Amino acid sequence: MVSDENIYDVIVVGAGPGGSTTAAYLGRLGRRVLLLDKAKFPRDKTCGDALSGKSMRVLRELGLVESMQKLPHGEIKGVVFSSPSRDCAAIEFQAADPNRAGGRGLCIRRMHTDNVFFNAAKKTKNVTVREQFQVQDVLRENGHVVGVKGLDLSDSKRAEMTFRSKVVVGSDGVNSAVTRSVLGAKAALDPAHSCDAVRGYYSGIKGLTDKIEIHFVKSIMPGYFWIFPLDDGTANVGLGLVSKDLQAKMKKNGANLVQMMDGVIKEEPMFKERFADAKPISPITGWRLPFGSARRPLSGDGWLLVGDAASLVDPFSGEGVGNASASGRLAAQFIDEALERGDVSKVSLGRYEVAVWEELGTELSTSYSMQRLGRYEWLLNLVVRKAVKSPKVRELISASLSNEEAKKKFENPLTYLWLLLT
């Protein structure tokens, strides 16, 4: 039996950046929202911790820019790329434009970042938050999703509870229970369109600057190794590899990601000295990133998906918070319009899906092309070597990190002819 107080306009499952953004916008629009999460906040989330300027629109509209900037953070003013040939180029980011996404960014531990998003939703009128509740499945009536059921983890009895709503939003990450429930076999990740990564925190690394570092190391190609500086002289250090490539490497030599990263730190000449006095200050943890290059259904009768649950991670940078918050903003807009029409069917909520691909689709496609180009050692060597020598090449790379039109140039063969002649 479900009581009236357990019936909401919208249930949002997962209170990370995507879910909390969705809930906060909907609450502001006067919709009655239940925000559920299996964790108790603040909680950690394995991630690279880089927060790009892409999140700026949502942070600004929700009044969170100052709160985010007050957190312990490293301000990122550029990026260092190195190639398999060990050439190394430092690229300055273009000055941040407060009126659009892109530009400079921050490195903030996800425990802090996600807590800012979560508290924004929690403080929003019309939003009810329930932590330590694990959603197991959606409720259906006549083929429409009408709520969720799950377990109360705050009590040792782990009581089963149900909540009903007009719309359910799945924002519960890469292992989304909602996604599995609504998509079934289609929820499985394609190893060619997902990435496995590990990260740990280190202190005492020599040579940290105000730039993030991305290193295409020959021994781990086509993966890359990163060093992202934080506020206190520590750094987020990690390694990522497309899942299909990792499977091939493990089959060939049995090495896993932790062993690969350990090998880079201890044996690679570029890092051996820099890590000589470094100390790990956290366990090495891993996670999977669902790339937006493999489009999955994002909406249906009474439901839609946002963020990692919608498989929207950038295939080149691996950044997910920006797209999660962008999809959360769009989800709130189109849910509100659907509720206003009194129509939460697949056709009605499908307008959200169209809007997501209109806003993010081209960039995700371009990023996937760049990821594929990054598999070629000779090409990486060429681009980085030219960037070392040419301010014009550095300007193009800098622009491509925050400007879609500049990024598209790397899909054009004439760009590489220009590089050869520069």
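According to numbering that gives the first Met the number 0, the sequence shown is numbered sequentially starting from 0. Ideal placement from N, C-alpha and C gives every residue a C-beta, glycine not left out. Just so we're clear, the structure is a prediction, and the values are computed from it rather than from any experiment.
Paired residues, beta bridge with residue i - DSSP
| i | result |
| --- | --- |
| residue 200 | 235 |
| residue 160 | 149 |
| residue 253 | For residue 253, which the question treats as bridged, DSSP gives no partner whatsoever. |
| residue 210 | 77 |
| residue 90 | 78 |
| residue 140 | 143 |
Bounding residues of the alpha helix (DSSP H) (the contiguous stretch that carries residue i)
| i | result |
| --- | --- |
| residue 68 | 64 to 69 |
| residue 390 | 390 to 399 |
| residue 355 | 345 to 355 |
| residue 24 | 16 to 27 |
Rounded separation between residue i and residue j - CA only
| i | j | result |
| --- | --- | --- |
| residue 169 | residue 108 | 24 Å |
| residue 136 | residue 287 | 22 Å |
| residue 176 | residue 148 | 11 Å |
| residue 283 | residue 138 | 37 Å |
| residue 21 | residue 330 | 6 Å |
| residue 199 | residue 278 | 10 Å |
| residue 203 | residue 104 | 23 Å |
| residue 247 | residue 261 | 19 Å |
| residue 116 | residue 251 | 42 Å |
| residue 17 | residue 285 | 21 Å |
| residue 128 | residue 296 | 27 Å |
| residue 390 | residue 383 | 12 Å |
| residue 82 | residue 114 | 36 Å |
| residue 87 | residue 80 | 6 Å |
| residue 191 | residue 124 | 42 Å |
| residue 276 | residue 208 | 17 Å |
| residue 309 | residue 85 | 36 Å |
| residue 58 | residue 312 | 19 Å |
| residue 50 | residue 235 | 13 Å |
| residue 299 | residue 130 | 26 Å |
| residue 184 | residue 110 | 32 Å |
| residue 230 | residue 47 | 14 Å |
| residue 23 | residue 328 | 9 Å |
| residue 335 | residue 367 | 32 Å |
| residue 106 | residue 359 | 23 Å |
| residue 1 | residue 26 | Reliability of the predicted coordinates at residue 1 is poor, the pLDDT of 47 falling under 50, and the value obtained from them is presented with this limitation in mind. If you take the alpha carbons of residue 1 and residue 26, they lie about 23 Å apart. |
| residue 249 | residue 15 | 32 Å |
Extent of the continuous beta strand (DSSP E) to which residue i belongs
| i | result |
| --- | --- |
| residue 340 | Element bounds for residue 340: not the beta strand (DSSP E) but the alpha helix (DSSP H), 320 to 340. |
| residue 228 | 223 to 228 |
| residue 116 | Element bounds for residue 116: not the beta strand (DSSP E) but the alpha helix (DSSP H), 109 to 121. |
| residue 360 | That residue, residue 360, is in no beta strand (DSSP E); it is neither H nor E in DSSP. |
| residue 104 | 104 to 106 |
| residue 32 | 32 to 35 |
Assigned secondary structure, residue i (DSSP; H/G/I helix, E/B strand, else coil)
| i | result |
| --- | --- |
| residue 173 | coil |
| residue 370 | helix |
| residue 97 | For residue 97, the predicted structure reports a pLDDT of 49, less than 50, and the residue's modelled location is therefore unreliable. A value from the coordinates is still provided. Residue state, collapsed to three classes: coil. |
| residue 73 | strand |
| residue 54 | helix |
| residue 187 | coil |
| residue 83 | coil |
| residue 130 | coil |
| residue 242 | helix |
| residue 10 | strand |
| residue 193 | strand |
| residue 61 | coil |
| residue 39 | coil |
| residue 205 | coil |
| residue 387 | helix |
| residue 44 | coil |
| residue 165 | strand |
Point to revise | Length at least 3, wholly inside the stretch 262 to 312: the beta strand (DSSP E) runs in chain order | key: Runs of the beta strand (DSSP E) inside the stretch 262 to 312: 284 to 289, 302 to 304.
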